[in-house]
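K.L.:
Take 1 as the starting number for the first sequence in UniProt numbering and just add one per residue. Built from N, CA and C at the ideal position, the CB exists for glycine as well.
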Amino acid sequence: MMRATIAASSSSLKVGYGSGSCTTRLRLKLKDMLPCLVQSSSVVVFFNNYLALFHSRTSESTESRNTQQHRLVKITNVEDALDVFDEMLQRRPLPSVVHFNQILTQLAKLKHYSTVISLNNKMGVSGICPDVYTLSIIVNCFCHLHQMGFGLSVLGNFFKLGFEPNITTYTTLINGFILQNRVAEAATLFKKMLDSGNCKPNVVTFGTLVKGLCAKGNNTAAIQLLKKMEEGACKPNIVIYNTIIDSLCKDTLVADAQNLFSEMTSKGVAPNVRTYNSLIHGVCKLGNWKEATRLLNEMVSKHIFPNVCTFNVLVDTFCKEGMVQEARSVVEMMIQRDIEPSTITYSSLMDGYCLRGEMDEAKKVFEVMLSKGCMVDAHSYNILINGCCKLKRMDDARMLFLEMSHRGIVPNMVTYNTLIDGFCKMGRIQDAHNLLSQMQALGQLPNVRTYNILLDGLSKNQQFPKAVELLEEMEGKKLDFDIVTYNILIQGLCRAEKVEYAWDLFQSLSLKGIQPDVRSYNIMISGFCNGGLTCEAENLLREMEERGRSPDDCTYNTIIRGFFNNNDTSRAVRLIQEMVERGFCADASTVELIVNLLSKDEVNPALLAFIKCPR
DNA sequence: TTAGGGTTAG
Numbered sequence: 001m002m003r004a005t006i007a008a009s010s011s012s013l014k015v016g017y018g019s020g021s022c023t024t025r026l027r028l029k030l031k032d033m034l035p036c037l038v039q040s041s042s043v044v045v046f047f048n049n050y051l052a053l054f055h056s057r058t059s060e061s062t063e064s065r066n067t068q069q070h071r072l073v074k075i076t077n078v079e080d081a082l083d084v085f086d087e088m089l090q091r092r093p094l095p096s097v098v099h100f101n102q103i104l105t106q107l108a109k110l111k112h113y114s115t116v117i118s119l120n121n122k123m124g125v126s127g128i129c130p131d132v133y134t135l136s137i138i139v140n141c142f143c144h145l146h147q148m149g150f151g152l153s154v155l156g157n158f159f160k161l162g163f164e165p166n167i168t169t170y171t172t173l174i175n176g177f178i179l180q181n182r183v184a185e186a187a188t189l190f191k192k193m194l195d196s197g198n199c200k201p202n203v204v205t206f207g208t209l210v211k212g213l214c215a216k217g218n219n220t221a222a223i224q225l226l227k228k229m230e231e232g233a234c235k236p237n238i239v240i241y242n243t244i245i246d247s248l249c250k251d252t253l254v255a256d257a258q259n260l261f262s263e264m265t266s267k268g269v270a271p272n273v274r275t276y277n278s279l280i281h282g283v284c285k286l287g288n289w290k291e292a293t294r295l296l297n298e299m300v301s302k303h304i305f306p307n308v309c310t311f312n313v314l315v316d317t318f319c320k321e322g323m324v325q326e327a328r329s330v331v332e333m334m335i336q337r338d339i340e341p342s343t344i345t346y347s348s349l350m351d352g353y354c355l356r357g358e359m360d361e362a363k364k365v366f367e368v369m370l371s372k373g374c375m376v377d378a379h380s381y382n383i384l385i386n387g388c389c390k391l392k393r394m395d396d397a398r399m400l401f402l403e404m405s406h407r408g409i410v411p412n413m414v415t416y417n418t419l420i421d422g423f424c425k426m427g428r429i430q431d432a433h434n435l436l437s438q439m440q441a442l443g444q445l446p447n448v449r450t451y452n453i454l455l456d457g458l459s460k461n462q463q464f465p466k467a468v469e470l471l472e473e474m475e476g477k478k479l480d481f482d483i484v485t486y487n488i489l490i491q492g493l494c495r496a497e498k499v500e501y502a503w504d505l506f507q508s509l510s511l512k513g514i515q516p517d518v519r520s521y522n523i524m525i526s527g528f529c530n531g532g533l534t535c536e537a538e539n540l541l542r543e544m545e546e547r548g549r550s551p552d553d554c555t556y557n558t559i560i561r562g563f564f565n566n567n568d569t570s571r572a573v574r575l576i577q578e579m580v581e582r583g584f585c586a587d588a589s590t591v592e593l594i595v596n597l598l599s600k601d602e603v604n605p606a607l608l609a610f611i612k613c614p615r
């Protein structure tokens, strides 16, 4: 991966790509190129709709309307929306169902799905008859609440009221299946629509299924669906292309994404800021700053201007590369362009500082975030908590955990897992267990990761009876766990010099229907070597090949070090030859070992030249 | 004059 060296100033970023003597210098004159782009939030849309709604009341006096407007502008939450709803219910004659639908729509956009359901019930009690729009909104809310059964049962209401579900209704249901990871059922309903006479899928229906396929990692099927559209089923729009381009970028298939991008533009579909954001994110993840710069320049030349997401990608990438100062320069640019840094911007910056162990700086960013009235969420706290845990400042981590609760922010799975891991790494197993009980008591069910963290903590602290008990608890819960869990315990047993138990567990894997991966073999081989069982280690090396698991660099380095440490130099040398023939290299610690042996005159100096890595 | 699909931080 190419690593960029960047010198930043507030007006430009000088991006250099060090590659031997050949260094290109590029200037990113972002500041001069990017005009501001202010996005309206859904809350603003919400206000505007209500202002329009009340403007339409011709019977009201100007004075009362001004009072209403003044009051409505203050609507920022569900409570205020509920007040408006109740007020509407008391008006006579009752406003039309259309106006109620508008409220339901806005609440659904704010993700208050269960509120929508209860308001709909209230409407029914008040004698307001739902229309096709109302019922579709309700289907959508049930889908988002993962209550597909109720969503499907609304179809009965359609027929009862003499309505026919339409393309929107079916598309909503397809989306519901996808939200529940039931892509096959989504595809079946889609097919039924294709075969139907009057409910053929439209571009939104296709887009919904494309999203589902991409979410499943099935880019090929998504592209096939796109081809079907291009063949005439329905003209694909930018949303369809963006979904697939984004999915390809997330799978690091950036070249494929760029090919699709070219295909799209050649067909006359113009890219937008989201297309560029996905591509820039894709190339940034690969460390390709040069391409990111080219894309930024290209989008601006097309009058497509970077938005807060574009900047967030840049801030995050700089932070992940440890270049927090450069990230700060990007934030400066955002502010100069009147683009307000978001929760994500500040969270990335905090993460950047935490990765460098600079907790005080991270906390300062957090203070800025609070002082600017920027929303703080569980993720913001998780970053700080993780930073404290990594520095073994568990008391600070616990304080932050309490502070977030006081602010009314509900700790999520990541919060608990981070803290449990922190306690385990400090050997404070009881504290970790207490947190596990606390999360369960609060209705947060531990996931495989939680158990793996605890298992790792128990085995590193040599509490094997408890570790085995936990493993059995996991097996009993039928959690969707895999080889990672067993590798943790096998490694723990090996480190505790309980190689026989580790080997028993390793051998029991096939009975459990779980296949060991390369890491399992490496752990076991290392365990054998450390226990002086070099023959067993070599046997396992051969066995893994027979079972179709190719050894990697780590396998060879582990076993070679094992032979050297067990004074079996000739077998070590033979394996070095085998490793080099297979194109693997000696790692730093193997080289160090050989150099030490050379200094003691215990190996042939020719060996050093032999192990030199061609890379 | 209202319903359904796409982007960013673990």
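With residue 378 and residue 415 assumed to form a contact (beta carbons below 8 Å), what rounded beta-carbon distance in angstroms separates them?
P.N.:
Confirmed, about 6 Å.
K.L.:
Assign residue 36 to one of two classes, buried (16 or more other C-beta atoms within 10 Å of its C-beta) or exposed (fewer than that).
P.N.:
Confidence in residue 36 is poor, its pLDDT being 23 and thus under 50, which makes the residue's placement unreliable; the coordinate value appears in the next sentence. Residue 36 comes out exposed.
K.L.:
Less than 8 Å between the C-beta atoms of residue 324 and residue 314, yes or no?
P.N.:
The answer is no: Cβ separation not under 8 Å.
K.L.:
Going by C-alpha distance, which of 173, 147 and 124 is nearest residue 161?
P.N.:
The candidate whose alpha carbon is nearest that of residue 161 is 124.
K.L.:
In whole angstroms, give me the CA-to-CA distance for residue 571 and residue 522.
P.N.:
Going from the Cα of residue 571 to the Cα of residue 522 covers about 18 Å.
K.L.:
Any idea what DSSP makes of residue 497, helix, strand or coil?
P.N.:
Three-state DSSP puts residue 497 in coil, outside helix and strand.
K.L.:
Can you list, in chain order, the stretches of the alpha helix (DSSP H) that have 4 or more residues and sit fully within the region 321–386?
P.N.:
Within the region 321–386, the complete alpha helix (DSSP H) runs of at least 4 residues are 324–336, 343–355 and 359–371.
K.L.:
Identify every run of the alpha helix (DSSP H) within the UniProt repeat "PPR" (272–306), keeping only runs that are complete inside it and at least 4 residues long; order them along the chain.
P.N.:
Counting whole runs of 4 or more residues, the UniProt repeat "PPR" (272–306) contains the alpha helix (DSSP H) stretches 273–285 and 289–301.
K.L.:
Please report how far the alpha carbon of residue 512 lies from the alpha carbon of residue 483, in whole angstroms.
P.N.:
So the alpha carbons of these two residues sit roughly 10 Å apart.
K.L.:
Just the C-alpha distance for residue 532 and residue 362, rounded to the nearest angstrom, thanks.
P.N.:
Roughly 47 Å separates the two Cα atoms.
K.L.:
How many Å lie between residue 206 and residue 177 at the Cα?
P.N.:
Roughly 14 Å between the two C-alpha positions.
K.L.:
So which of 466, 127, 153 and 126 has the shortest CA-CA distance to residue 138?
P.N.:
Nearest C-alpha to residue 138: 153.
K.L.:
Give the straight-line distance between the Cα atoms of residue 268 and residue 237, rounded to the nearest whole angstrom.
P.N.:
Going from the Cα of residue 268 to the Cα of residue 237 covers about 10 Å.
K.L.:
Can you say whether residue 520 is buried or exposed, counting buried as having 16 or more other CB atoms within 10 angstroms of its CB?
P.N.:
By the 10 Å Cβ count, residue 520 comes out buried.
K.L.:
Taking residue 418 as the reference, give the member of 406, 386 and 601 with the closest Cα.
P.N.:
When only C-alpha atoms are compared, the closest one is 386.
K.L.:
Quick check: what's the CA-CA separation for residue 382 versus residue 246?
P.N.:
For residue 382 and residue 246, the distance between alpha carbons rounds to 26 Å.
K.L.:
What are the boundary residues of the alpha helix (DSSP H) that includes residue 542?
P.N.:
Where residue 542 is concerned, the enclosing alpha helix (DSSP H) stretches over 534–546.
K.L.:
Can you round the beta-carbon distance between residue 143 and residue 179 to whole angstroms, since I take them to be within the 8 Å contact cut?
P.N.:
So it is a contact: roughly 6 Å between Cβ atoms.
K.L.:
When you compare each of 547, 601 and 555 to residue 569 by their alpha carbons, which one comes out closest?
P.N.:
The candidate whose alpha carbon is nearest that of residue 569 is 601.
K.L.:
Just how far apart, CA to CA, sit residue 373 and residue 518?
P.N.:
Those two C-alpha atoms are separated by around 49 Å.
K.L.:
With C-beta atoms as the reference, is residue 505 less than 8 Å away from residue 488?
P.N.:
For residue 505 and residue 488, no; Cβs fall outside 8 Å.
K.L.:
If I'm right that residue 527 touches residue 502 with Cβ under 8 Å, what's the distance once you round it to whole angstroms?
P.N.:
Their Cβ separation, rounded to whole angstroms, is 5 Å, which keeps residue 527 and residue 502 in contact under 8 Å.
K.L.:
Would you be able to state if there are at least three C-beta pairs under 8 Å between the region 177–196 and the region 206–215?
P.N.:
Flag = yes, the region 206–215 and the region 177–196 touch.
K.L.:
Using only alpha-carbon positions, find the residue among 357, 561 and 410 that is nearest to residue 393.
P.N.:
Answer by Cα proximity: 357.
K.L.:
What residue from 309, 276, 285 and 307 has the CA that sits closest to residue 294's CA?
P.N.:
Checking every option, the nearest Cα to that of residue 294 belongs to 276.
K.L.:
Nearest to residue 557 by alpha carbon, out of 252, 543, 574 and 548?
P.N.:
Nearest of 252, 543, 574 and 548 to residue 557, Cα basis: 574.
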